[in-house]
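Protein chains in written order, with the numbering used here: chain A, 1 to 218; chain B, 1 to 218; chain C, 1 to 218; chain D, 1 to 218; chain E, 1 to 218; chain F, 1 to 218; chain G, 1 to 218; chain H, 1 to 218. The beta carbon of each residue, even a glycine, is placed where N, CA and C say it ideally should be. Notes for the one structure printed next.
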């Protein structure tokens, strides 16, 4: 069947953000057709949640495609209008198992030309790891906190630092924390004030929230 | 029993925010003792989720106490170090039933000296109401969106405007939307990029998230 | 074991609808036996949720079988008594990831001879896409709205157009919207009046609900 | 505080339905202000989920107000543009405990001038009660089915009759069926084809869905 | 590691039932060791939820093993003390997709020498199929009802017939009925009096409940 | 409004059970009208889940009404056709907090002339209490087990005794066992074979299930 | 009705703990009868979750009864065999709203003669409060941690101190943390190793778990 | 990308426990890098939830690695500071399907030099199996109870023995007990006093909780 796809090309004009392509529920053919259309409009292709098999198909097709395997992201082309800003983002994560969400956020920020640094494995079961970095983290303008299990890292960071904090619950864990809902609810319930929360594993969304803030600051 | 209470007086120094007092699970006696202690430190008392009965007890005790009945908030004294900023916040709400969360956010922002305006009853079932205000809303620096039921307002606003958006699900509704979880999940799942979400009915938290942003902007 | 199957051949007489065959939980053998029995009665075979492997088995057996891969549907033969009606159905969908449910509805409607058109990728994060089609959509007699994630499309359409609206939540998404429950609850909670909802991914059921209406209109 | 309320007066023009007022989460003062505003526009006031106390306040204020206690509805004034149609609606209910939702639907339909009849207490535990009325029910153009507990009535009616069917799960029951979710899920899962479902206890919404259909038929 | 297994050989003496072996979470090695031990005690081996791979391993080892593939059951040897009874059980099921649970019950009953008959595909969406068998079903002493989706069959049977009824919800369906919970809750909420319910897919347990009854009758 | 009520008077003929009246969701007026109608037909009125206020209204009206306060049951008149049977039922309960469900079952059984005895407070945290009664319990033909909290009593009894066992989860507890769902799921998951389960607090249903069995035995 | 109550008087002999009486689901009469029986056996009466009304009835009856209102506990008489131990317990709590569970644990421990100290309001949003007490807390042999909201306190304590830790989630909060389930799941998911968890609000159980440990130590 | 991993090497100093490595969400490469780092620090590598494929990679790399397949654990090297204690732990399990959690606990305890013994297959459906071992079990200092399904074993053991009891719910079962939540809730709701509970399948955590106790005893 020949079904039109309506990519939201005007999004950049309205809200300054480009549409990312959700790769998980799309076939290789759908991804190819959308990529073609986006590239024709001279926009950058940014696909999230793409698996290796689909990625290889696109890598074979587009010489300048880059596949970030640990982040399940693929980029074709260049973002034509990067932000010009000195503001920067710290991405803090509880454990090395939270890597995919952490990197998805990092890649999305860098696509917009935003400087960011990751602080991995600073989970609250050994607070000294976080404390040894806290001064460094404090130099950043927006903080993204990724954590699975009980998600307590967001509360601890939020109680120590004054920046805007965007919390990303991660679907790492087992038993009651299996799908990230415990981390999500924990972050929403945080007794540290003013922590805003994204959907489970939504590293991309956290980057977009950070960009909304940075654009207002810059 | 004589049990000490440890109010977090250092919070302002660390993160620039003062501790609010959660009135719902505290007895009148507990509220009085905490208020006394806070006032002795020359800090402002800000109580959320306080009912009429408890509020009257405090009103009788403190001449300068103000009770905001529709917001279930009570303030005693003045915030000594308000922010000095021209940045302002718009609080947009889907229906007049979302009033308590909307006003809790408004009062918390004003306590810090932040200019804010409410846009009530601009729900998506009649989009013209939102559209007639969209230019005005676009003048604000941070947007707080309060909505119950299916919470679609956050998505629509997020798709139209570029500002930082803080979504507050509200426990208005019945059946599957009874306790605000549908609005919460809806906001977390928003297909508009970069919407950050607070706990259900957490107008106060949304205000604190906005302040974290505004302090970084100003 | 030799176990009889009782196909509901009288259903067309009672309610004017034929029984569809649910392919997901049936073995290839069961599907063959049922198809044989249905074809012997001169009825059309309509199988939903059939995967490629089972479909190929039936394609090899029946020369006139047609497999709609993107819709996971397979049809053998022709519906002998199509409706004779000028009424038509619009199927509106939020994103190209909702395709399977959208197409299942479309194929089921066309099996009964009903004219229908799909409006794909008109999600609410970019309202202009919907608005540019709204006049065209308004020409249709019944509207089926398919959407995953937060399912807000149903509310927006329901607030703009007066037709009967049948909403189909789709199991597209991740985290809290993973299995379509957020879209389902969102549609059930819609603040637009008179939106009726089907089970998650039930494109077929939406088509049957539309036919119940059209038969009463025609 | 003086907060404007934006009633959706254009709704009748867009979709032919007037806005109902949700009484449960509004104070008496809010209800009075909204009623005043609506009456000034020469529109009818229709309040759902209003309790006795609030109703009495309005009855005292408006001489022509009518309170339907068993339906928790209050009407002030007359609907100026009733539908002119010979089509009629049957409201079928499983038990006398489902009365509130049943009557809410009935009153909403009659407000629009639509003829409807209730068939109470025809639950499936004693099928003969339904069977003795089935010929009569078959004379109606749209069927609304209200049921709590296991909600099986919708399936049985849907398997016997060809009309459009709108199912309303009711929050009657205890244990696992306590809040109506079992009836809701049961109706969504119905093996009878083409049954469309409303939120729990949403008799009003079912009436609006019926009106969307009837307007298209008439 | 050498870990002892304690098979409950005294169970037959206490309650007249033998222990079945749950095959799903056991390795082939565990199944072999337990089978060996049981056969040494001159008891029959009855394994439920065994997949093809494990079954073939046991079939190769034991010449008299029988694998019931559609029921996922395997039996080695003979039950030495069958019941001697003229009482018989009817197993009624809503659709051919419920087959596995239906057959698990049937095989378990026959292992104890109890006469039983299956009535497949008599779902409530086409009541005539059930009605045409109702007199025949009424000749049986205990009724087991297996149904997925909305599970309404149990209520209908329970409202028509006076026998003991054991309802088995089946994990057939999709969306809200995906894992059988809707059928389970529906059966527990039945408005037909005196229907007792088993865990989802627990055909074996239903057979044991029937045997407890039959032993008391005989 | 004058709405007819259809009491299921033929139920006794079909399945040998009379219809009980669910008192919780009915007004005093509704209860009076139904009672009147039932008594006119020379049937016994049996109301469950009736509170004190409603009960007093009926006690004032009917001299022979009896209110069982701890069971929340009210009976007017006499069951004309009691069963004539020597079979008897033991009702075993985990704690004195399970009393309401326990007594509801007892009263319902006695209404049908069935001999039954309660064994209260034999919970598994002190097994000796159960063991000291086990011989006595073994003399009964059908066992009803009522338990809240973790509901383990059903498993222990089911592992020791061969009778038909009907388990009633009770909504006693707090935290995760608050509404009886833990007891319900526990009983459904019992590793003792052949335990059949009723809805939470459904003592009445357990009695009806016992009667279905006893009628087949007698 | 005259129903025997079987108090577990042998519990002290078996496991060294006496049975507490759950006051929430018992009537005043039941509480009086049980108290009488327990006192006759020369045991101490310890009632948890007793409200003021029931407490006053017992205070009027027993001169030596003591009601701990903030803990909802009532004690009559003296525990005859207190433990003789130098081991002591620290009860650490996140906020003053967790008081009821905290005090229930304290009173239960002191009933057995165990020395314990409470550390209130040391929540993780202001870690300095905990750090200033950490050396003092480290002197205790068993740690009970009570926390509501996101329950992160257990993880932080568990990552800093080596003692046995018993975590008690508290039903303080709102929205997603309303009933204590978020705190419960958070504690169960703790990335600090070896934290054992009690049911929500189960301060009494935490005390008993501590006593089981202390009895083994002493 | 080159991302640092921060292993918590100071954990042994703070709380006497070493950090285990969660193998499930880590790639082979991540596991190798972490192992290398840990071994360089002369610490023992203890990986839980590692599958066969990952295990083989490490076995090939490290000659002294040992893979415990039934426990999904892998150990490289030796724990340098074992505890020196005569205290010992009994691990009691309901069925042989609970083996993985049981063995994970056992291996973790032995890594610290603690003597422990497993009592497998002593489920409550056949209490005699437990009773025949109860004297032997009573000789142990700490009891770990692993059980799936309805998890009643913890309550029975807790009612009979005075030791500290750590309950581990196991994700064995189907239908309502499928993922171990029924066992978890059952154990949390236990009417036996003082049972502390771990996350589902968390055998490792139970061992750590036992070690916290034993270290305090020794």
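Assignment of beta-bridge partners to residue 28/F by DSSP yields no partner. When beta bridges are read from the DSSP output, residue 65/E appears opposite 76/E. One finds 162, 163, 164, 165, 194 in chain A with Cβ atoms closer than 8 Å to the Cβ of residue 212/B, taken in chain order. With 16 or more other CB atoms across the displayed protein chains lying within 10 angstroms of its CB, residue 190/B is buried. Secondary structure at residue 186/A: helix, using DSSP grouped into helix, strand and coil.
Around the beta carbon of residue 80/G, fewer than 16 other beta carbons sit within 10 angstroms, so the residue counts as exposed.
For residue 191/G, the nearest CB of chain A lies under 8 Å from its own CB, placing it at the interface with that chain. DSSP places residue 85/B outside both helix and strand once states are collapsed to three, so it counts as coil.
Looking from the CA of residue 88/D, the closest CA among 117/D, 66/D, 69/D belongs to 117/D. Excluding its 5 nearest sequence neighbours in each direction, residue 171/H has C-beta neighbours in its own chain below 7 Å: 148, 179, 180, 200, 201, listed in chain order. DSSP lists 93/G, 168/G as the beta-bridge partner residues of residue 146/G. Taking the beta carbon of residue 17/H as reference, the chain G residues within 8 Å of it are 162, 193, 194, listed in sequence order.
Distance from residue 154/C to residue 195/C at the Cβ level is roughly 5 Å; contact confirmed, criterion being Cβ atoms closer than 8 Å.
Using a Cβ-Cβ cut-off of 8 Å, residue 122/D is close to 6 of chain F, given in chain order. Counting C-beta atoms within 10 angstroms of its own C-beta, residue 36/H has fewer than 16 neighbours from the protein chains shown and is therefore classed as exposed. Taking the CA atoms as reference points, residue 124/D sits about 10 Å from residue 160/E. Pairing residue 60/C with residue 51/E, the inter-Cα distance amounts to about 28 Å. Annotation: residue 186/B to residue 205/A spans about 14 Å, alpha carbon to alpha carbon.
Contact fails between the segment 17–26 of chain C and the segment 108–122 of chain B, because fewer than three Cβ pairs, one in each stretch, are under 8 Å apart. In terms of Cβ geometry, residue 216/B and residue 141/A form a close pair [threshold 8 Å]. Taking 7 Å as the upper bound on Cβ-Cβ separation, chain E lies near residues 141 of the segment 120–153 of chain F. Remark: C-beta atoms of residue 21/D and residue 45/D approach each other more closely than 8 Å. Contact with chain E is found for residue 175/H, since one of that chain's Cβ atoms lies less than 8 Å from the residue's Cβ. Shown here, residue 124/G sits in a helix according to DSSP, grouped into three states. Interface flag for residue 216/F against chain E is set, since a Cβ pair is found closer than 8 Å. At least one CB atom of chain A sits nearer than 8 Å to the CB of residue 172/C.
Apart from sequence neighbours up to five positions away, no residue of its chain approaches residue 135/B with a beta-carbon distance below 7 Å. Annotation: the continuous beta strand (DSSP E) that includes residue 197/E extends over 195–197. Taking 8 Å as the CB threshold, residue 103/B stays off the interface with chain A. Residue 122/D and residue 63/C have their C-alpha atoms some 48 Å from each other. Neighbours of residue 87/F in chain D, taken as residues whose beta carbon is under 7 Å from its own, are absent, since the nearest beta carbon is some 25 Å off.
Closest by C-alpha distance to residue 193/A, out of 55/B, 210/B, 193/B, is 210/B.
The shortest C-alpha to C-alpha distance from residue 39/G to any of 47/G, 151/G, 77/G is the one to 77/G.
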